[in-house]
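Okay, so here's the structure we're looking at.
Numbering (the working numbering), first residue to last: 51 to 207.
Okay, here's the thing in structure tokens:
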């Protein structure tokens with residue numbers, strides 16, 4: 051990718067979310083920013099996940115994921131979802147199982163729990179398009195975005 055393009059892409063803003071997934075007893079949480087609502091009827095949400103991410107395999111196998119909107123003041127909260135040990139990521143946060151079995155975080159502004167409806171791989175990330183099966187607004191606040199974050203994810207690991 052051309053260097054000027056990277057700088058331009060760095061000017062785009064995105065929401066920063068925590069995506070949770072599961073398969074049987076395996077669970078994971080990861081930071082996700084390539085996320086969008088793509089339909090109102092039915093309510094569809096798209097999340098782009100690189101195939102080398104642990105969550106990718108869990109979403110493929112379970113057919114579900116959950117997205118959590120976090121507060122702009124929760125930057126430190128994101129540190130729970132970095133690192134190689136999936137069990138450690140969720141060990142120190144409060145959560146419960148959702149309708150699909152995905153972990154649903156307590157400490158967030160809102161969540162959307164989705165069943166995968168279609169999957170597309172137009173480039174190096176997989177687009178999981180999920181139909182919302184449960185959603186709840188839990189707290190008031192300003193959603194966390196790439197403006198609040200120290201870096202922009204450009205698709206490189």
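For each residue, glycine too, the CB sits at the ideal point set by N, CA and C.
Going by alpha carbons, who is nearest to residue i out of the options?
i: residue 198; options: 71, 140, 179, 83; result: 83
i: residue 172; options: 61, 100, 52, 105; result: 100
i: residue 143; options: 158, 150, 134, 151; result: 158
i: residue 115; options: 77, 131, 58, 139; result: 77
i: residue 146; options: 107, 134, 135, 163; result: 163
i: residue 134; options: 195, 55, 177, 105; result: 105
i: residue 86; options: 136, 130, 69; result: 69
i: residue 119; options: 62, 128, 59, 138; result: 128
i: residue 195; options: 55, 117, 63; result: 63
i: residue 156; options: 132, 181, 177, 124; result: 124
i: residue 103; options: 75, 126, 132; result: 132
i: residue 81; options: 126, 61, 190, 187; result: 126
i: residue 187; options: 117, 74, 110, 181; result: 117
Once you ignore the five residues that flank residue i on each side, which residues in its own chain have a CB closer than 8 Å to its CB?
i: residue 179; result: 88, 94, 95, 96, 166, 167, 168, 169, 170
i: residue 52; result: none
Quick check on the DSSP output: the beta strand (DSSP E) that includes residue i runs from which residue to which?
i: residue 74; result: Note, residue 74: premise wrong, no beta strand (DSSP E); not H, not E.
i: residue 155; result: 153-155
i: residue 146; result: 145-147
Using 10 angstroms around the beta-carbon of residue i, count the other beta-carbons present and answer buried if the total reaches 16, otherwise exposed.
i: residue 161; result: buried
i: residue 148; result: buried
i: residue 79; result: buried
i: residue 153; result: buried
i: residue 150; result: buried
i: residue 136; result: buried
i: residue 67; result: buried
i: residue 59; result: exposed
i: residue 139; result: buried
Looking only at its chain, what residues have a beta carbon closer than 6 Å to the beta carbon of residue i, apart from the 5 residues adjacent to it on each side?
i: residue 192; result: 122
i: residue 175; result: 98, 100
i: residue 183; result: 149, 163, 165
i: residue 54; result: none
Bridge partners for residue i per DSSP, in chain order?
i: residue 95; result: 87, 180
i: residue 170; result: 177
i: residue 65; result: 195
i: residue 185; result: 162
i: residue 81; result: 68
i: residue 117; result: 69, 162
Check whether the Cβ of residue i lies closer than 7 Å to any heavy atom of the ligand FMN, and answer yes or no.
i: residue 157; result: No copy of the ligand FMN appears in this structure; indeed no ligand is present at all.
So, at 7 Å on beta carbons, what are the nonlocal neighbours of residue i in its own chain, with the 5 sequence-adjacent residues on each side left out?
i: residue 72; result: 108, 112, 151, 152, 153
For the alpha helix (DSSP H) containing residue i, name the first residue and the last one.
i: residue 107; result: 104-112
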